[in-house]
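Undergrad: The structure under discussion is supplied below as structure tokens; questions concerning it will follow.
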Amino acid sequence: DFGNRMTRLRSYKDKEEEDHHVCHLELQIESLEAKGGR
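For the sequence shown, my numbering puts the final residue at 32, and the numbers step up evenly by one.
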């Protein structure tokens, strides 16, 4: 039903934001390591 679909959409959106956040953190760590390695 509609409510169920909205809940699933919301959790999917949260997961996407989580993945984006993790990706961003990994990029930050990589750039820090690159700076520290030189």
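Cβ coordinates follow ideal geometry from the N, Cα and C atoms, glycine included. Source: prediction; values computed, not measured.
#1: Using a Cβ-Cβ cut-off of 7 Å (strictly less than) and excluding sequence neighbours within five positions of S25, which residues of its own chain qualify?
#2: May I ask you to report which of helix, strand or coil DSSP gives D(-5)?
#3: Given this structure, state the Cα-to-Cα distance separating T1 from E12, to the nearest angstrom.
TA: If we stick to the structure as given:
#1: none
#2: coil
#3: 17 Å
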